[in-house]
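There are 2 protein chains.
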Amino acid sequence: MRDVAIIGIGMRKCGELWDKSIKDLFVESALDAIDDAGVDHIDSMYIGCMTGGLFVGQEHLASMLSDHLGVNPIPACRVESACCSGGLALRQGFIDVASGMNDIVLVSGVEKMTDVGGDEATYALATASDQDYEAFQGVTFPGLYAMIARSHMDKYGTTREQLASVAVKNHANGSLNPLAQFPMKITVESVLNSVLVADPLRILDCSPITDGAAAAIICPLDKAKELSKNLPIKISGTGHATDTIALHDRADITYLKSTEIAAKIAYKMAGVGPDDIDFAEVHDCFTIAEICVIEALGFVEVGKGGSASESGLTALNGKKPINTSGGLKSKGHPVGATGIAQLYEVVEQLRGNAGKRQLDKPKRGLTQNMGGTGGSTVVHIMEVV
Amino acid sequence: MRDVAIIGIGMRKCGELWDKSIKDLFVESALDAIDDAGVDHIDSMYIGCMTGGLFVGQEHLASMLSDHLGVNPIPACRVESACCSGGLALRQGFIDVASGMNDIVLVSGVEKMTDVGGDEATYALATASDQDYEAFQGVTFPGLYAMIARSHMDKYGTTREQLASVAVKNHANGSLNPLAQFPMKITVESVLNSVLVADPLRILDCSPITDGAAAAIICPLDKAKELSKNLPIKISGTGHATDTIALHDRADITYLKSTEIAAKIAYKMAGVGPDDIDFAEVHDCFTIAEICVIEALGFVEVGKGGSASESGLTALNGKKPINTSGGLKSKGHPVGATGIAQLYEVVEQLRGNAGKRQLDKPKRGLTQNMGGTGGSTVVHIMEVV
Chain A
109 MRDVAIIGIG MRKCGELWDK SIKDLFVESA LDAIDDAGVD HIDSMYIGCM TGGLFVGQEH
169 LASMLSDHLG VNPIPACRVE SACCSGGLAL RQGFIDVASG MNDIVLVSGV EKMTDVGGDE
229 ATYALATASD QDYEAFQGVT FPGLYAMIAR SHMDKYGTTR EQLASVAVKN HANGSLNPLA
289 QFPMKITVES VLNSVLVADP LRILDCSPIT DGAAAAIICP LDKAKELSKN LPIKISGTGH
349 ATDTIALHDR ADITYLKSTE IAAKIAYKMA GVGPDDIDFA EVHDCFTIAE ICVIEALGFV
409 EVGKGGSASE SGLTALNGKK PINTSGGLKS KGHPVGATGI AQLYEVVEQL RGNAGKRQLD
469 KPKRGLTQNM GGTGGSTVVH IMEVV
Chain B
109 MRDVAIIGIG MRKCGELWDK SIKDLFVESA LDAIDDAGVD HIDSMYIGCM TGGLFVGQEH
169 LASMLSDHLG VNPIPACRVE SACCSGGLAL RQGFIDVASG MNDIVLVSGV EKMTDVGGDE
229 ATYALATASD QDYEAFQGVT FPGLYAMIAR SHMDKYGTTR EQLASVAVKN HANGSLNPLA
289 QFPMKITVES VLNSVLVADP LRILDCSPIT DGAAAAIICP LDKAKELSKN LPIKISGTGH
349 ATDTIALHDR ADITYLKSTE IAAKIAYKMA GVGPDDIDFA EVHDCFTIAE ICVIEALGFV
409 EVGKGGSASE SGLTALNGKK PINTSGGLKS KGHPVGATGI AQLYEVVEQL RGNAGKRQLD
469 KPKRGLTQNM GGTGGSTVVH IMEVV
């Protein structure tokens, strides 16, 4: 397999973008990535999108979006794995380049979520859970993650304040990110006083409904310098794993097994361990999710995710900064785009372009993107070479 | 890139399978393929499905189906390109094996279409067209293909009887296929007297709404004999191309450019031309589609697709047999599964297992699977080595 590098990225501000269609969102970010890389064509493209069918009545995005980007007849492939559709697009693009099939590949994600009302959006998102045994019974994602949170609190003594500290940190980071949907700073007190959604989770524990897109250009590492003037970022590890779709089928609902397995594969491929990762963008769809994720990634001991956040370990100036972009929580969570938006932040940090939230010369970052309650996870490790 | 071979296939009878869920359909065909190959595990899997969201309220099929097949935590990827989702799953699995990332890969397709009513199914299928400029205006697929048919008749003198001859041939073939949904023989007269759907297309010009699944096991060609006792079938060519999603954006609506381009790429990779193909399974979602497809594949001169069918060239005992399985028309069209169902027939023919519809020792077959009105096409060439 050939080594693969990222040479271009594109992303615009997330939000409730009622004046833009799914085509506009995709094309803007794709053109930005192509311009950033400085390439004059692309050979193939991958699009992560969770459910164009339920959100905008549009499937067949591979044809639709290659058409509107003006690049047909190139091969275009839409992939879906709920909220890790973006990460999966990156992985499949990686395999495409690594195989030798194509050289210059666009990997992207897009979701247009606000064209439907709240009930319809909740229904659409619930199709990422087990329709027969979870969604059909009326359980939605805040409820599922609330069960995980309650169980983590019972088992490890995780506190309500620790959950809140994740949101506070991510909004602090998001306040420094011009692309964030909700860049306001918040406090532990404001989280605790916000409206209850599914006990113990409150509205400020939840990531928002978001329109957005992100894109990147990848190519063989050994052609990166010839194709682009940008610092090539090597994708040194990729891992992908699945778990039961339904929460009730797991031995321990607080442990994200697919994340552990995907991370171990990626670490092995990159020849590194959790301690070698300078910073990470992880899937904080709810505050409890970030806590469970950093445990499964091996960044902290199992059961210590809450205290790690509260102590500042994962803060911008901490030992292991997590979600410097603001994460899904503050930056926004356009579900199919999130995995590529994570890549965008890692590349910005590695290039030294992260502005007010720039870390001190990081060399290696990780992205962890998951679907549902962890029924699927994709992990990538990216580094300066 | 490594050479890739098919070593196992699985498929059951298509139909209105109200006693089976999408999980059942997928698992049955996947287990059949695994049993047929005789492998004791799989390394990764690809699932083609057009719209689990709109048909059964279930996305995140990668997690759902790896779970219910009992193979999690392996990587699982759902791909979608409308009615060529199955062909795309085969292509992405091919790239996965060719790259060296995985050895034993399940490629599959599934669609459970009859849990919704006719209006909802028509809406779901229309999301493969341009929602803003086609579906929103009320044009559905029979209407789009009717425009193609009328244009082909005007431009080339194609007759109503020639369209009917495609359906008659495919039902004759399907009558010899135990897996066909509609195995009854029909006549030109019965097609011409069937109910009008969208002038000039009548109900017997249209493929049906179908529940079904199909699966195959692929692996590196050089490991095929060690992994399975079956005759390895080499995938000698793969081609994938896109076109405008909307019909009105094309210079000539009777010509399937994405099919021409995908086929040319596959021919080049396999080192063959149209004349070297012994038989083919093609996307006859409507009778006019098969006519346009065999022209774009280079099997017949442009404009001669109708007369080729009427003259018997494409019949089971003709010079270039097309859709020996009965095609989408008679065998059924579970949209996401169709591309893999085509592979199933080609492998059955190449193995000499096609029963009453067996061709005389064919050596090389082709599958052509397309999305929408040809907004995307995937072509594969398979041969005995």
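If you read the protein sequences in the order shown, they are chains A and B.
Numbering (my numbering) for the first sequence: 109 to 493.
Numbering (my numbering) for the second sequence: 109 to 493.
Every residue, glycine too, gets a C-beta built ideally from N, C-alpha and C.
Quantities reported herein were computed from a predicted structural model and do not represent experimental measurements.
* What residues of chain B sit near G165 of chain A, judged by a beta carbon separation below 9 angstroms? -> Taking the first residue of the first sequence as 1, we reach residue 165 of chain A at position 57. Simply L162, Y231, A234, T235, Q239, A243, F244.
* Asked: Does the beta carbon of M158 of chain A come closer than 8 angstroms to any beta carbon on chain B?
  -> Start at 1 with the first residue of the first sequence, and residue 158 of chain A comes out as number 50. True, the Cβ-Cβ gap to chain B drops below 8 angstroms.
* To do: Tell me whether the beta-carbon of R358 of chain A lies closer than 8 angstroms to the beta-carbon of G208 of chain A.
  => As a first step, residue 358 of chain A is located in the first sequence; it is residue number 250 there, counting from the start. As a first step, residue 208 of chain A is located in the first sequence; it is residue number 100 there, counting from the start. No. Outside cutoff.
* Q245 of chain A, buried or exposed, once every other Cβ within 10 Å from all chains shown has been counted against 16 -> Locating residue 245 of chain A in the first sequence gives position 137, counting from the first residue. Burial call: exposed.
* To do: Find the residues of chain A that neighbour K331 of chain B, judging by a C-beta separation of less than 8 angstroms, and give them in chain order.
  => By one-based count along the second sequence, residue 331 of chain B stands at place 223. Going along chain A, no residue has its Cβ under 8 angstroms from K331 of chain B, so there is no contact; the nearest lies around 17 angstroms.
* What is the DSSP secondary structure of K337 of chain A, counted as helix, strand or coil? -> Translated into positions along the first sequence, residue 337 of chain A becomes position 229. Here K337 of chain A sits in coil by DSSP.
* Cβ of S283 of chain A within 8 angstroms of Cβ of M292 of chain A? -> Numbered from 1 along the first sequence, position 175 holds the residue referred to as residue 283 of chain A. Numbered from 1 along the first sequence, position 184 holds the residue referred to as residue 292 of chain A. A contact, by the Cβ cut-off of 8 angstroms.
* Sufficient close CB pairs (3 or more, under 8 angstroms) joining the stretch 136 to 154 of chain B to the stretch 176 to 192 of chain B -> yes
* To do: Provide the residue span of the alpha helix (DSSP H) that contains I182 of chain A, from first to last.
  => Within the first sequence, the letter at position 74 stands for residue 182 of chain A. Where I182 of chain A is concerned, there is no enclosing alpha helix (DSSP H), given that its DSSP letter is neither H nor E.
* Which residues in the same chain as K471 of chain A place their Cβ atom closer than 8 angstroms to its Cβ, once the five residues preceding and following it in sequence are excluded? -> By 1-based counting over the first sequence, the position of residue 471 of chain A is 363. Same-chain partners within the cutoff: D386, L458, E491, V492.
* Between the beta-carbon of V213 of chain A and the beta-carbon of D204 of chain A, is there less than 8 angstroms? -> Indexing the first sequence from 1 puts residue 213 of chain A at position 105. Indexing the first sequence from 1 puts residue 204 of chain A at position 96. Result yes, Cβ atoms of V213 of chain A and D204 of chain A sit closer than 8 angstroms.
* Asked: Which bits of chain A does N180 of chain B rub up against, with CB to CB less than 7 angstroms?
  -> In the second sequence, counting from the first residue as 1, residue 180 of chain B sits at position 72. Under the 7 angstroms cutoff, chain A gives T350, D351, T352.
* To do: Would you kindly work out how many angstroms separate the C-alpha atoms of V390 of chain A and L173 of chain B, rounded to a whole number?
  => Within the first sequence, the letter at position 282 stands for residue 390 of chain A. Within the second sequence, the letter at position 65 stands for residue 173 of chain B. About 25 angstroms.
* Asked: Listed in chain order, which residues of the stretch 179 to 210 of chain A have Cβ atoms closer than 7 angstroms to some Cβ of chain B?
  -> N180, P181, I182, P183, A184, C185, R186, V187, E188, S189, A190, L196, Q200, I203, D204, A206, S207, G208, M209
* Would a check of beta-carbon distances place A397 of chain A closer than 8 angstroms to chain B? -> Sequence index remark: in the first sequence, residue 397 of chain A carries index 289 (1-based). So, not an interface residue.
* How would you list, in chain order, the residues of chain B whose beta-carbon sits under 9 angstroms from the beta-carbon of D175 of chain A? -> Residue numbering aside, residue 175 of chain A sits at position 67 when the first sequence is read from its first letter. Chain B residues near D175 of chain A: D238, T350, D351, T352, I353, A354, D357, G483.
* To do: List the residues of chain B whose Cβ lies closer than 7 angstroms to the Cβ of A170 of chain A, in chain order.
  => As a position in the first sequence, residue 170 of chain A is number 62, starting the count at 1. Near A170 of chain A (Cβ distances below 7 angstroms), the residues of chain B are S189, T350, S484.
* Taking the CB atoms as reference points, tell me whether V443 of chain A and M158 of chain A lie closer together than 8 angstroms. => Counting from one through the first sequence, the residue named residue 443 of chain A turns up at place 335. Counting from one through the first sequence, the residue named residue 158 of chain A turns up at place 50. Yes, the Cβ-Cβ distance between V443 of chain A and M158 of chain A is below 8 angstroms.
* Listed in chain order, which residues of the stretch 449 to 479 of chain A have Cβ atoms closer than 8 angstroms to some Cβ of chain B? -> G479
* Since H168 of chain A contacts A190 of chain B with CB under 8 angstroms, what's their CB separation in whole angstroms? -> As a first step, residue 168 of chain A must be located in the first sequence, where it is residue number 60. As a first step, residue 190 of chain B must be located in the second sequence, where it is residue number 82. Going by Cβ atoms, the distance from H168 of chain A to A190 of chain B rounds to 4 angstroms, so yes, they are a contact pair.
* Asked: Got a sec, what are the start and stop residues for the beta strand (DSSP E) N477 of chain B sits in?
  -> Your numbering for residue 477 of chain B matches position 369 in the second sequence. Taken as a continuous stretch (DSSP letters only), the beta strand (DSSP E) holding N477 of chain B covers 472 to 479.
* What residues are listed by DSSP as bridge partners for R310 of chain B? -> What you label residue 310 of chain B is simply residue 202 of the second sequence in a count that begins at 1. Note: R310 of chain B sits in a beta bridge opposite B:L304.
* How long is the line joining the alpha carbons of N278 of chain B and T222 of chain B, rounded to whole angstroms? -> Your numbering for residue 278 of chain B matches position 170 in the second sequence. Your numbering for residue 222 of chain B matches position 114 in the second sequence. Distance between the alpha carbons of N278 of chain B and T222 of chain B is about 23 angstroms.
* Between which two residues does the alpha helix (DSSP H) harbouring P250 of chain A extend? -> Numbered from its first residue, the first sequence carries residue 250 of chain A at position 142. Taken as a continuous stretch (DSSP letters only), the alpha helix (DSSP H) holding P250 of chain A covers 249 to 264.
* Would you say M377 of chain B faces chain A, with C-beta separation under 8 angstroms as the test? -> Taking the first residue of the second sequence as position 1, residue 377 of chain B is located at position 269. Chain A contact via Cβ: absent.
* Chain-order list of residues whose beta-carbon lies under 7 angstroms from that of G201 of chain B (same chain, five-residue window excluded) -> Along the second sequence, one-based indexing puts residue 201 of chain B at 93. Taken in chain order, the residues that qualify are Y154, V213, V215, I326.
* **Under 9 angstroms by beta carbon: chain B residues contacting S366 of chain A** => Taking the first sequence and counting its residues from 1, the one referred to as residue 366 of chain A is at position 258. Neighbours of S366 of chain A on chain B, chain order: S171, N180, P181.
* Expected contact under 8 angstroms - CB spacing of A272 of chain A and T395 of chain A to nearest Å -> As a first step, residue 272 of chain A must be located in the first sequence, where it is residue number 164. As a first step, residue 395 of chain A must be located in the first sequence, where it is residue number 287. 7 angstroms between Cβ atoms; contact.
* **Between the CA atoms of L436 of chain A and I402 of chain B - distance to the nearest angstrom** => In the second sequence, counting from the first residue as 1, residue 402 of chain B sits at position 294. In the first sequence, counting from the first residue as 1, residue 436 of chain A sits at position 328. Each residue's Cα considered, the two are about 48 angstroms apart.
* Asked: Around the C-beta of D313 of chain B, are 16 or more other C-beta atoms found within 10 angstroms, so that it is buried, or is it exposed?
  -> Taking the first residue of the second sequence as 1, we reach residue 313 of chain B at position 205. That one is buried.
* **Close beta carbons around P340 of chain B, own chain, < 8 angstroms, minus the five adjacent residues each side** => Here residue 340 of chain B refers to the residue found at position 232 of the second sequence. Taken in chain order, the residues that qualify are A113, I114, I115, L329, A332, K333, V493.
* **Outcome for P250 of chain A when other beta-carbon atoms lying within 10 angstroms are tallied against a minimum of 16** => Working through the first sequence from its first residue, we reach residue 250 of chain A at position 142. Classification for P250 of chain A: buried.
* Do the stretch 409 to 423 of chain A and the stretch 258 to 275 of chain A touch if we need at least three Cβ pairs shorter than 8 angstroms? -> yes
* **Candidates A:G165, A:A288, A:V187, of which the one nearest G434 of chain A by Cα** => One-based indexing of the first sequence puts residue 434 of chain A at position 326. Per the Cα distances, A:A288.
* Going straight from the alpha carbon of G447 of chain B to that of A229 of chain A, what length do you get? -> Translated into the one-based positions of the second sequence, residue 447 of chain B becomes position 339. Translated into the one-based positions of the first sequence, residue 229 of chain A becomes position 121. Taking the straight line from one Cα to the other gives about 31 angstroms.
* Quick one, which of B:I343, B:D392, B:H356, B:P316 has its alpha-carbon nearest T367 of chain B's? -> Here residue 367 of chain B corresponds to residue number 259 of the second sequence, with the count starting at 1. The shortest Cα separation from T367 of chain B among B:I343, B:D392, B:H356, B:P316 belongs to B:D392.
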